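Data first, discussion second: the structure below is written as structure tokens.
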Amino acid sequence: MDSSGSINLSSTKSGDAAAPFTSSSYLSVSRSQVKRQLERLNRNKAAGPDGVSPRVLKACAEQLCGIVQHLFNLSLAQEKVPVLWKTSCLVPVPKKTRPSVNDDYRPVALTSHIMKVLERLLLVHLNKQTRTYQDPLQFTYRHGVGVEDAIIQLLQPTHCHLDKAGNTVSVMFFDFSSAFNTIQPDVLCQKLQKTQVGPSTIVWIKDYLTNRPQFVRLKNCTSNQAISNIGAPQGTVLSPFLFTLYTSDSQYKSETCHLQKYSDDSAVGNCSASDRKALQRVGKTAQRIAGAPLPAIKDIYRKRCLKRAGKIIRDRSHPSHALITLLPSGRRYRSLRTKTTRYRNSFFPTAVRLLNSAS
């Protein structure tokens with residue numbers, strides 16, 4: 004942000020700082036940014052309620068980027084989202100071959116691809132402006148962090164605690180029912196005011212979340228429209244990130260207890276020796292059927308373990324970054340003290356051993 008309050012919404016892969024535009028206090032996007040996002044659209048996706056196919060937007064990115072840029076900047080300047088851009092078409096898709104009740108259908112939301120382009124540009128900006136406010140133990144919708152990190156982060160203190168005789172660990176798993184529908188726009192905007200997000204952008208987000216038309220389409224039939232003023236729309240780019248911001252102030256961490264999240268769900272998995280042997284037998288059977296060699300499970304685990312450890316080492320903001328540290332010599336990593344085989348074979352002690360053996 005410069006002295007005039009203008010911000011360039013960078014959409015580069017590296018997330019480098021963007022050069023400022025000369026504008027007023029609202030956000031603005033450039034022609035090149037819009038063109039880049041149009042060219043990245045998946046042309047095989049279905050069109051939204053506006054009827055604009057991503058195939059056309061992608062093929063005509065050079066010709067349309069100037070017009071789309073003008074529409075985006077008008078929307079941001081006026082702090083309004085066109086009604087058609089925030090309209091959702093819900094298509095029920097069967098979960099099973101012969102659905103018999105409503106719960107046997109999964110609602111798939113079709114939204115405007117033009118709107119998704121603007122959302123992707125805004126997402127980069129919002130991520131930068133709210134970075135210090137985000138929950139460090141939220142493992143979804145973050146670049147380079149995923150479900151593997153969530154499992155590792157939960158298992159590490161568990162193994163460490165159980166390494167001492169007489170200790171026990173209790174874990175409770177819970178999730179939000181219809182998570183995105185729990186968002187209250189006014190409450191979200193109040194939370195955004197505590198971040199570095201500009202006032203005009205907050206007003207735009209509130210308009211994005213309110214007065215949203217929705218209708219259901221089944222084959223050639225469509226229902227009447229219903230207006231929604233609560234929750235966040237499904238099938239959009241911004242909704243998942245806004246949900247993480249909405250719940251980011253619900254966090255807790257201490258030496259004996261911590262709360263971590265993976266969106267609105269939590270999932271923990273473990274691979275015992277018997278499981279690995281069973282999986283290895285399946286792999287050998289598949290190898291005989293395919294007539295081609297397949298890598299051993301232990302080789303796959305070793306490669307993925309080193310890859311995940313490398314990401315943790317490079318990301319200083321990772322919650323587990325301090326567990327893999329170099330010795331003063333700078334050539335080897337500090338080993339973790341373990342007393343039990345279970346803890347010794349868990350991720351972090353194994354990762355340190357593999358890193359040291361590879362050095």
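Going by this note's numbering, the first residue of the sequence shown is number 4, and it counts up by one from there. Each residue gets a CB set at the ideal place from its N, CA and C atoms; glycine is no exception. Computed from a predicted structure; not experimentally measured.
Query, Result
"Can you give me the C-alpha to C-alpha distance between threonine 133 and tryptophan 88, rounded to a whole angstrom?", "25 angstroms"
"Could you compute how far the alpha carbon of lysine 314 sits from the alpha carbon of valine 148?", "9 angstroms"
"Taking buried to mean at least 16 other C-beta atoms within 10 Å of its own C-beta, is phenylalanine 246 buried or exposed?", "buried"
"How big is the Cα-Cα spacing for cysteine 68 and glutamine 217?", "28 angstroms"
"Smallest Cα separation from threonine 36: which of Leu113, Pro57 and Val120?", "With the sequence shown as reference, residue 36 is identified as glutamine, and threonine is not the correct amino acid for it. Comparing Cα positions, the closest option is Val120."
"Looking only at its chain, what residues have a beta carbon closer than 6 angstroms to the beta carbon of isoleucine 155, apart from the 5 residues adjacent to it on each side?", "Phe350"
"Tell me which residues share the same chain as phenylalanine 179 and place their Cβ nearer than 7 angstroms to its Cβ, disregarding the 5 neighbours each side in the sequence.", "Thr185 and Asp267"
"For lysine 83, collect the residues of the same chain with a Cβ closer than 8 angstroms to its Cβ; drop the 5 residues on either side in sequence, then sort them by chain order.", "Trp207 and Asp210"
"Could you tell me which whole alpha helix (DSSP H) segments of length 4 or greater appear in the stretch 165-207?", "188-195"
"Using a Cβ distance threshold of 8 angstroms, determine whether the stretch 108-120 contacts the stretch 46-57, with at least three qualifying pairs required.", "yes"
"Excluding five sequence neighbours on each side, which residues of the same chain lie with their C-beta closer than 6 angstroms to the C-beta of alanine 361?", "none"
"Would you kindly work out how many angstroms separate the C-alpha atoms of histidine 162 and proline 352, rounded to a whole number?", "11 angstroms"
"Within the continuous beta strand (DSSP E) that includes leucine 77, where are the two ends?", "Careful: leucine 77 lies outside any beta strand (DSSP E), inside the alpha helix (DSSP H) at 64-81."
"With a Cβ-Cβ cutoff of 8 angstroms, do lysine 194 and tyrosine 144 count as a contact?", "no"
"Quick check on the burial criterion: 16 or more other C-beta atoms within 10 angstroms. Buried or exposed for aspartate 138?", "buried"
"How would you call serine 33, buried or exposed, if buried means at least 16 neighbouring beta carbons within 10 angstroms?", "buried"
"Which residue wins for smallest C-alpha separation from lysine 342, given the options Val355, Cys192 and Asp166?", "Asp166"
"Rounded to a whole number of angstroms, what is the C-alpha to C-alpha distance between leucine 256 and glutamine 40?", "Looking at the sequence shown, residue 256 is not leucine but lysine. Cα to Cα, lysine 256 sits roughly 38 angstroms from glutamine 40."
"Would you kindly report the start and end of the unbroken beta strand (DSSP E) that includes tyrosine 108?", "108-113"
"Can you check the stretch 287-346 for any alpha helix (DSSP H) of at least 4 residues that lies completely inside it and give the ranges in chain order?", "300-317"
"Roughly how many angstroms lie between the CA atoms of valine 96 and proline 243, to the nearest whole one?", "21 angstroms"
"What is the DSSP secondary structure of threonine 100, reduced to helix, strand or coil?", "coil"
"Please classify alanine 354 as buried or exposed, where buried requires at least 16 other C-beta atoms within 10 Å of its C-beta.", "buried"
"Closer than 7 angstroms by C-beta to arginine 305: which residues in its own chain qualify, once you throw out the five before and the five after it? Chain order, please.", "Leu357"
"Please check the pair isoleucine 316 and isoleucine 303, which I expect to be a contact at CB under 8 angstroms, by giving their CB distance rounded to whole angstroms.", "Not confirmed; about 21 angstroms, so no contact."
"Out of Gln159, Leu262 and Gly234, state which residue places its alpha-carbon closest to the alpha-carbon of arginine 345.", "Gln159"
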